[in-house]
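What follows is a set of notes on a single structure, which appears directly below.
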Amino acid sequence: MVDVLVALLPATLVGLYQFGWYGLVVILLCVGGCLGVEAVGQKMMGQKVTVSDGSAAVTGLLLALSLPPRAEWWLCAIGALAGIGLGKLVFGGLGYNPFNPAILARVVLLISFPAQMTSFVTPSPWGLDAVTTATPLNLLQEARIRGLGLGEAAHTDLLAAFLGGIPGSLGETSALAVLLGGLYLLWRGHINWDVPVGMLGTMALVSGLFWWHDPAHYMPPAFHLVTGGAMLVAFFMATDMVTSPLTRKGRVIFAVGCGLLTIVIRMWGGYAEAISFAVLLMNAAVPIIDRYTAPRLYGARKRGGL
Amino acid sequence: MQHERPTGPVPASALTLSDALSGEAVAGRPALDVAPRPAFNLREIGDDFVRGVWRENGVFKQMLGLCPALAVTTTAVNGMAMGLATLAVMVASSSSVSIIRNWIPGSVRIPSFIVIIATFVTVVDLFLNAFAHDVHKTLGLFIPLIVVNCIVLGRADAFAARRSLPRAIADALGVGVGFTLALIALGAVRELLGMGSVFGISLFGDAYPPFLLFLLPPGAFIALGLMLAGGTYLAALSARGN
């Protein structure tokens, strides 16, 4: 778990640089809140308190990185309660949760407080010159709903989005920083490459097909990969070993499903950023996927065979 | 919960209305109230009422009737309206079932009960539409759905069909009041968390941001689950204290 925190360091530092003091408060509140909820909850349930295993801290940090940089304190507190309380403890604690706690917390907040969860500011050094603005995905959705095609989203600077110059959640602005952390996790062997590659690949492929067919109405695949939570979710949340399938075949199905649903909801859905819904839906499908991709036991016969 | 034997087909010729009202054993049919006893046993009737309100509360203890309990309880007022409508249907249908219980053949009792319940639901539906039109508009489809509320049918089949009229009424009142209280409680919690108000009275002022999740159907499940968990936790605490 410490390695995950280390892997999140680049994204965290970039977030702090771009949003300054406000970002720090959000991170401290989320991590502290998650640790507190886990400690109190486990105490109340008569379980051994396992705050020191770091999983609640990881959930808190991931939650903070998926919140708007100026999220208010109660948003963080409710997120911590929802993530650790509803997402983890009610199912019995770490290892029993069907859904990724950080994504669950984000979705609870997003459907409960849509206004607060989509009020973003521009990044600026130490967050000093921030102006309220919308994310590229929000611009795209707004234009789509009004029937304006791509709208302002068409002018998104993709290089800036990759390096870290677009408005968004704390960990959303710089795809590069998240990517570095993800590669570190891969190098250390904590995650499998099939989930992030499958998920991002499916997103690129599907959005690429539409873009190739009609570039006036669909954004290029690179846009979908560097905006929103694509990198953060693909490397840090979808790869959660508790909530992803056990076999490689299962993980590929899971990853393709996540990518496909993300693009479908982004292009035709009611929310601008869909990736958390996509992963939650696929989390729910994991038991079925595991069931149908279970490897044959050594020595067992094929069904119908001799 | 008491154990109840199913009543078989009853020769209607052997029965009179006074038999039906008294709940005494009649030759030719199995009777639950074995020993002869007065028709009005206040203690027993009181127990029938109290059991339904709390000890066997339909929503909180038996997890029955969850469709209306979860669907319409976005506010305490909605919960109360739904609870009272169900209460009225229960009292009317349980007493009707109790009165005519000895003339209903066992094999067709469920359809018969459903017809009786549907009749009273129609009455309540038209009554609300005429005299409380706004409530009717809010509750909408869920009023006709009282017909399939398993609590109503359950009390008719498991209790009223084998008990005297006073006991059937006491039981229907108890279960109905328990259902109403549960819906008010659930509605109040959801309204408090969702909108920061109870019975339409704002508690936290305008600064309270609406917590939309608790006004949506999933929020009903979460709120009910949290309330049950809280109740279990308090019960465990008090058990430890004793």
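Those sequence lines, one after another, are chains G and X. Take the first sequence: its letter number 286 is residue 286 in our numbering, and every next letter is one higher. Take the second sequence: its letter number 78 is residue 78 in our numbering, and every next letter is one higher. The C-beta atom is built at its ideal place from N, Cα and C for all residues, glycine as well.
Q: Could you list which residues in chain X have their beta carbon closer than 9 Å to that of F99/G, in chain order?
A: As a position in the first sequence, residue 99/G is number 99, starting the count at 1. Result: empty, since nearest Cβ-Cβ is about 13 Å, beyond 9 Å.
Q. Which stretch, first to last residue, makes up the alpha helix (DSSP H) that contains E152/G?
A. Position 152 of the first sequence, counted from the first residue, corresponds to residue 152/G. Where E152/G is concerned, there is no enclosing alpha helix (DSSP H), given that its DSSP letter is neither H nor E.
Q. Along chain G, in chain order, which residues have C-beta atoms closer than 9 Å to that of F142/X?
A. Locating residue 142/X in the second sequence gives position 142, counting from the first residue. The contacting residues do not exist; F142/X stays about 23 Å from chain G at best.
Q) Using a beta-carbon distance cut-off of less than 9 Å, what residues from the stretch 40–63 of chain G approach chain X? A) M44, M45, G46
Q.
Suppose the cutoff is 8 Å on Cβ atoms and the five residues either side in sequence are ignored; what does the same chain contact list for W73/G look like?
A. Your numbering for residue 73/G matches position 73 in the first sequence. Once the five neighbours on either side are set aside, the close Cβ partners of W73/G are V25, L29.
Q) Hey, out of G269/G, G36/G, P221/G, whose CA is closest to S55/G's CA? A) Taking the first sequence and counting its residues from 1, the one referred to as residue 55/G is at position 55. Nearest of G269/G, G36/G, P221/G to S55/G, Cα basis: G36/G.
Q) Residues of chain G with CB under 8 Å from L212/X, in chain order? A) Here residue 212/X is taken as the residue at index 212 of the second sequence, counted from 1. Residues of chain G whose Cβ lies closer than 8 Å to the Cβ of L212/X are, in chain order, I111, S112, F113, P114.
Q. Are the CB atoms of V243/G and N283/G nearer to each other than 8 Å?
A. In the first sequence, counting from the first residue as 1, residue 243/G sits at position 243. In the first sequence, counting from the first residue as 1, residue 283/G sits at position 283. Note that residue 243/G is Thr in the sequence shown here, rather than Val. In this structure, N283/G lies closer than 8 Å to T243/G by Cβ.
Q) Listed in chain order, which residues of the stretch 156–189 of chain G have Cβ atoms closer than 8 Å to some Cβ of chain X? A) none
**Q.** Selection of the stretch 77–89 of chain G by Cβ proximity to chain X, strictly under 7 Å
**A.** L86
Q: Give the straight-line distance between the Cα atoms of V121/G and V6/G, rounded to the nearest whole angstrom.
A: As a first step, residue 121/G must be located in the first sequence, where it is residue number 121. As a first step, residue 6/G must be located in the first sequence, where it is residue number 6. C-alpha separation (whole angstroms): 26 Å.
Q: Could you pull out every residue in the same chain whose Cβ sits closer than 7 Å to the Cβ of G20/G, ignoring the five residues on either side in sequence?
A: Position 20 of the first sequence holds residue 20/G. So the list reads W126, G127, L128, once near-sequence residues are dropped.
Q: Determine the closest residue to F254/G out of V286/G, L62/G, E172/G, with distance taken between C-alpha atoms.
A: Along the first sequence, one-based indexing puts residue 254/G at 254. The shortest Cα separation from F254/G among V286/G, L62/G, E172/G belongs to V286/G.
Q) Under the rule that 16 or more other beta-carbon atoms within 10 Å means buried, what is Q2/X, buried or exposed? A) By one-based count along the second sequence, residue 2/X stands at place 2. Bear in mind that a pLDDT of 46 at Q2/X, under 50, signals an unreliable position, so the number given afterwards is only what the model happens to contain. Exposed, because fewer than 16 other Cβ atoms sit within 10 Å of the Cβ of Q2/X.
**Q.** Collapsed DSSP secondary structure at V60/X in the structure displayed
**A.** Within the second sequence, numbered from 1, the residue matching residue 60/X stands at position 60. According to the sequence displayed, residue 60/X carries Phe and not Val. In the structure shown, the three-state DSSP call for F60/X is coil.
Q. Shorter than 8 Å from the beta carbon of V26/G to some beta carbon of chain X?
A. Sequence index remark: in the first sequence, residue 26/G carries index 26 (1-based). For V26/G, the answer is no, since every Cβ of chain X falls outside 8 Å of its Cβ.
Q) Under three-state DSSP, which class holds I201/X? A) Position 201 of the second sequence holds residue 201/X. Looking at I201/X - three-state DSSP - the assignment turns out to be strand.
Q.
I'd like to know if A235/X contacts chain G, where contact means its C-beta is closer than 8 Å to some C-beta of that chain.
A. Counting from 1 along the second sequence, the entry for residue 235/X is found at position 235. Taking Cβ atoms only, chain G never reaches closer than 8 Å to A235/X, which makes this a no.
Q | Collapsed DSSP secondary structure at V49/G in the structure displayed | A | Position 49 of the first sequence, counted from the start, is the residue given in the question as residue 49/G. Three-state result, V49/G: coil.
**Q.** Where the alpha helix (DSSP H) through G83/G begins and ends
**A.** Start at 1 with the first residue of the first sequence, and residue 83/G comes out as number 83. Taken as a continuous stretch (DSSP letters only), G83/G belongs to no alpha helix (DSSP H), as it is neither H nor E.
Q) Hey, out of Q42/G, E142/G, A161/G, I27/G, whose CA is closest to S269/G's CA? A) As a first step, residue 269/G must be located in the first sequence, where it is residue number 269. Ser is not the amino acid found at residue 269/G; the sequence shown has Gly there. Among Q42/G, E142/G, A161/G, I27/G, the Cα nearest to that of G269/G is on E142/G.
Q: Run the CB neighbour count on W103/X, radius 10 Å, all protein chains shown included, and call it buried at 16 or more, exposed below.
A: Locating residue 103/X in the second sequence gives position 103, counting from the first residue. Its Cβ having fewer than 16 others within 10 Å, W103/X is exposed.
Q: Pick out whichever of A236/X, G79/X, V97/X, A71/X has its Cα sitting closest to the Cα of R155/X.
A: Within the second sequence, the letter at position 155 stands for residue 155/X. It is V97/X.
**Q.** Whole-angstrom distance between I288/G and T227/G, CA atom to CA atom
**A.** Taking the first sequence and counting its residues from 1, one reaches residue 227/G at position 227. Taking the first sequence and counting its residues from 1, one reaches residue 288/G at position 288. Looking at the backbone, the Cα of T227/G and that of I288/G are separated by about 31 Å.
Q. Which two residues bound the contiguous alpha helix (DSSP H) that contains Y22/G?
A. By one-based count along the first sequence, residue 22/G stands at place 22. Element bounds for Y22/G: 2–44.
Q.
Going by C-alpha to C-alpha distance, which of S174/G, M1/G, Q42/G sits closest to I84/G?
A. Walking along the first sequence from the start, residue 84/G turns up at place 84. Nearest option by C-alpha distance: Q42/G.
Q: Would you mind stating whether T370/G and S119/G have Cβ atoms separated by less than 8 Å?
A: Here chain G comprises residues numbered 1 to 306, so residue 370/G is not present and cannot be evaluated.
Q | Rounded C-alpha distance that separates L150/G from I27/G | A | Counting from 1 along the first sequence, the entry for residue 150/G is found at position 150. Counting from 1 along the first sequence, the entry for residue 27/G is found at position 27. L150/G and I27/G have their alpha carbons spaced roughly 33 Å apart.
Q: Note down the Cα distance separating Q116/G from L212/X, rounded to an integer number of angstroms.
A: Reading the first sequence from its first residue, position 116 is the one you call residue 116/G. Reading the second sequence from its first residue, position 212 is the one you call residue 212/X. Going from the Cα of Q116/G to the Cα of L212/X covers about 12 Å.
**Q.** Within-8 Å CB hit, V37/G to chain X
**A.** Here the question's residue 37/G lines up with position 37 in the first sequence. V37/G has a beta carbon lying at 8 Å or more from every beta carbon in chain X.
Q.
On a Cα-Cα basis, can you pick out the residue from I222/X, T86/X, V189/X, G205/X that is closest to F179/X?
A. Residue numbering aside, residue 179/X sits at position 179 when the second sequence is read from its first letter. Of I222/X, T86/X, V189/X, G205/X, the residue nearest in Cα terms is T86/X.
Q. Which residue's Cα is closest to the Cα of L65/G: V2/G, I111/G, F236/G?
A. Here residue 65/G corresponds to residue number 65 of the first sequence, with the count starting at 1. Measuring from the Cα of L65/G, the nearest candidate turns out to be F236/G.
Q) From the beta carbon of I110/X, is the nearest beta carbon of chain G less than 8 Å away? A) In the second sequence, counting from the first residue as 1, residue 110/X sits at position 110. Not an interface residue.
Q: Return no unless some Cβ of chain X is closer than 8 Å to the Cβ of V108/G.
A: Counting from 1 along the first sequence, the entry for residue 108/G is found at position 108. Yes, V108/G counts as interfacial toward chain X.
Q) Just how far apart, CA to CA, sit L322/G and I146/X? A) Outside the modelled stretch of chain G, which goes from 1 to 306, sits residue 322/G, for which no answer is possible.
Q | Chain-ordered chain G contacts of P209/X [CB-CB under 7 Å] | A | Start at 1 with the first residue of the second sequence, and residue 209/X comes out as number 209. Against chain G, a Cβ distance below 7 Å from P209/X picks out F113, Q116.
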